[in-house]
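Accompanying notes for the structure given below.
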Amino acid sequence: MMQVVTRYFDAFNAGDTDAMLACLTDDVAHHVNEGQVRKGRTAFAEFCAHMSRCYAETLSDIVILSDPSGTRAAAEYVVNGTYLVTDEGLPEAHGQTYQLPAGSFFDIVDRRIARVTTYYNLADWTRQVSA
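Per full-length UniProt numbering, the sequence shown runs over residues 1 to 131.
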């Protein structure tokens, strides 16, 4: 089941939202670091469109772990990004770069991702883009 998580991250790094969506269940629950839980592929696609407008990001040093049943997985990675356009409520963007440790947790159902929960240190990101 780790293959679906690997495909998800490969699609993220390729900037291929459609390939990311193909990894998800129709009713995926997307728990973002800050904000409300988004439900469904449409909400996930809208989030991706917003993120692509404001940020250019790739992930490196990805380590994926899963439980023996294959129904849960976790990943640790580094977000390498450029802040492109000011995101509402955040510091002004002017092309700042950042590197941020992050992690995600997944529920896997029928070889698709049913839940994505992502965590990172927003205060660390804010310090980096405000420097």
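All C-beta atoms in this analysis are idealised placements derived from N, C-alpha and C, irrespective of residue type, glycine included.
- For Y120 and G103, the gap between their C-alpha atoms comes out near 7 angstroms.
- Straight-line measurement puts the Cα of A74 at about 21 angstroms from the Cα of F47.
- When DSSP assignments are scanned along the UniProt domain "SnoaL-like" (5-116), the uninterrupted stretches of alpha helix (DSSP H) that are 4 or more residues long and fall wholly within it turn out to be 17-22, 41-54.
- Counting only residues of its own chain and dropping the five nearest sequence neighbours on each side, R115 has a CB closer than 6 angstroms to the CB of A29, D107.
- Cβ atoms of G81 and E57 come within 8 angstroms of each other, at about 4 angstroms.
- With respect to the 7 angstroms criterion, M2 and I64 are classified as neighbours on the basis of their beta carbons.
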